[in-house]
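Everything below concerns the one structure shown next.
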Amino acid sequence: MNKIKRGFASDNNAGVHPEVLKAIEAVNSGHVIGYGDDIYTAKAKEILKKHFGEKIDPYFVFTGTGANVLGLNTITESFQAIICTETAHINVDECGAPEKFTGCKLLPIKTRDGKLTIDLIKKHLHGIGFEHHVQPRVISLTQATELGTVYRPEEIKQIADFAHDSGLILHMDGARLCNAAVSLNCELRDMTTACGVDILSFGLTKNGGMLSEAVIFFDPELSLNFKYIRKQGMQLGSKMRFVAAQFISLLGSDLWRNNASHANEMAKLMAGKLTKIPGVTITQKVESNGIFALIPAEIIDDLQKKFFFYIWDENRSEVRWMTSYDTTRNDVEEFVELIRSKL
Ligand SMILES: Cc1ncc(COP(=O)(O)O)c(C=O)c1O
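When you line the sequence shown up against our numbering, it's residues 49 to 391, in that order.
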């Protein structure tokens, strides 16, 4: 088979980490009960508890969209609303699934850097108790954000306190939580459990896994109906052991940290080189594994032919470059040289 070149389109475009594949193979013998009633799923849940605390109630699913939509569905009624950023995955990249399945209205907020603040959220807190208005129920943050920036734990805590004081629930989309943790040099629990997050969509797929996502409830009261909603939502896997094996492999060792550190490091390396090239303007702080930049529109096609990536905002000629656990220094150098040669 042809070896396919790596690009900078998405951390989802990377393959599965060899250690994770080995872990999947290692659980591939004999029969175990399906649907999660097996020793591997139990072990994976124990490992999650080591990271996030004993009180959590975790459930495995296959996709990040599934985690977001089913998690949000569990904690909302259709007359309620979910506050998020305009750039949130739930707002722009889930084909309306959050609205379809929860029935809720999304209240998207324009931000400069992909991060919500209390002042921004407050603008949507009106009409409370007024039957003609949807009732805000959830604040949804993404960590690391869709723009590659990262909330500090104190920022998350402030928003969580504000949410709880206002009778709201704090949801976090943690598709890239591992990248945020290494960026902040902290543990996974420091940005979640310790800050008052109520429900987390936790993804490992972008960090060396495949089909390896979880919904984690920090308040068992909130998860009472999740097992039914997961089944109705078609995300209850019968061969759960293969999802569990990935959690054991990545989170039972430092693999999650090493993979995310490497991806972040490659983004920093690339950003450092790009800032020296006139004609490239980096538009966001590079705090995780994404780089956003303005480049001349006429060079994009040629670059994409050699290293695929997505245009983020066509009107501004802004592009997104994502690094992943398997990006090499050579990939970065070749790509930067290519850009330099076109400008
Ligand atoms: C912020 C964020 N949330 C969730 C997801 C999960 O999406 P999927 O349903 O493709 O696994 C993604 C994937 O790109 C993402 O970037």
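Cβ atoms here follow ideal geometry from the backbone N, Cα and C, with glycine treated the same way. Here the structure is a predicted model, which is why all the values come from computation and not from measurement.
Beta-carbon proximity of residue i to residue j, cut-off 8 Å
i: C132; j: L168; result: no
i: T329; j: L342; result: yes
i: G196; j: E335; result: yes
i: S249; j: V291; result: no
i: P146; j: I264; result: no
i: V64; j: G257; result: yes
i: V109; j: Q294; result: no
i: G338; j: R368; result: yes
i: H137; j: A223; result: yes
i: V186; j: A228; result: no
i: C152; j: A129; result: yes
i: I104; j: F340; result: no
i: I217; j: I123; result: yes
i: F127; j: Q183; result: yes
i: D246; j: L270; result: yes
i: S372; j: N312; result: no
i: S309; j: L303; result: no
i: T193; j: F100; result: no
i: V380; j: M314; result: yes
i: A208; j: G175; result: no
i: P268; j: A242; result: no
i: K287; j: G82; result: yes
Closest residue to residue i among the options (Cα-Cα distance)
i: K163; options: E134, W304, A293 and V328; result: E134
i: E346; options: R364, G338, T331 and S309; result: R364
i: S188; options: G320, A115 and E385; result: A115
i: R305; options: F356, D361 and L236; result: L236
i: D221; options: F274, G112, N227 and V140; result: G112
i: T253; options: F56, V182 and N60; result: N60
i: P117; options: K148, E94, I95 and T89; result: Looking at the sequence provided, one finds Val at residue 117 rather than Pro. Checked all of K148, E94, I95 and T89; the closest Cα to V117 is K148.
i: G327; options: E313, A229, S58 and I348; result: I348
i: H79; options: G244, A192, R289 and E362; result: R289
i: A88; options: G101, A71, K103 and I104; result: The sequence given here has Tyr at residue 88, not Ala. When only C-alpha atoms are compared, the closest one is A71.
i: K390; options: D350, V230 and A242; result: D350
i: P156; options: G244, N139 and Y83; result: N139
i: R54; options: R377, L232 and I387; result: R377
i: L120; options: G215, Q352 and F274; result: F274
i: I52; options: K287, K354, E94 and L272; result: K354
i: N307; options: A242, C243 and T375; result: T375
i: A57; options: Y83, F356 and E202; result: F356
i: K97; options: I387, A262 and W360; result: A262
i: P203; options: V68, A90, D141 and D238; result: Correcting the residue identity first, residue 203 is Glu in this sequence and not Pro. Answer by Cα proximity: D238.
Heavy atom of ligand 1 within 7 Å of residue i beta-carbon
i: T159; result: no
i: G257; result: no
i: E194; result: yes
i: M374; result: With the sequence shown as reference, residue 374 is identified as Asp, and Met is not the correct amino acid for it. For ligand 1, not one heavy atom lies less than 7 Å from the Cβ of D374.
i: N116; result: yes
i: H219; result: no
i: N60; result: yes
i: A315; result: no
i: G251; result: yes
i: T111; result: yes
i: T197; result: no
i: H99; result: no
i: A223; result: yes
i: T190; result: yes
i: M141; result: Checking the sequence shown, residue 141 turns out to be Asp, not Met. True, at least one ligand heavy atom lies under 7 Å from that Cβ.
i: H137; result: yes
Residue interval of the beta strand (DSSP E) (run including residue i)
i: L155; result: K153 to I157
i: R377; result: Taken as a continuous stretch (DSSP letters only), R377 belongs to no beta strand (DSSP E), being part of the alpha helix (DSSP H) at R377 to K390.
i: A341; result: G338 to L342
i: F250; result: I247 to G251
i: Q128; result: Q128 to T133
i: I52; result: Element bounds for I52: n/a, residue is neither H nor E.
i: D221; result: I217 to G222
Enclosing alpha helix (DSSP H) for residue i [first to last residue]
i: I204; result: P201 to D213
i: P66; result: P66 to A74
i: V198; result: Taken as a continuous stretch (DSSP letters only), V198 belongs to no alpha helix (DSSP H), as it is neither H nor E.
i: E147; result: A145 to T150
i: L232; result: L225 to L232
Residue i: CB within 7 Å of a non-hydrogen atom of ligand 3
i: A129; result: Ligand 3 is absent from the structure shown, which contains only ligand 1.
C-beta neighbour in chain D for residue i, strict 8 Å
i: D209; result: Among the chains in the structure shown there is no chain D, since it carries only a single protein chain.
Please give the ranges of any alpha helix (DSSP H) in the stretch 256-308, keeping only runs that are unbroken, at least 4 residues long and fully inside the region.
274-280 and 288-299
What are the start and end residues of each continuous alpha helix (DSSP H) run of 4 or more residues lying completely inside the stretch 161-187, in chain order?
166-170
Extract the residue ranges of the alpha helix (DSSP H) inside the stretch 82-141, only unbroken runs of 4 or more that lie entirely within it.
87-100, 112-122 and 137-140
Threshold first: 4 residues or longer. Then list the alpha helix (DSSP H) segments lying entirely within the stretch 309-366, N to C.
348-354
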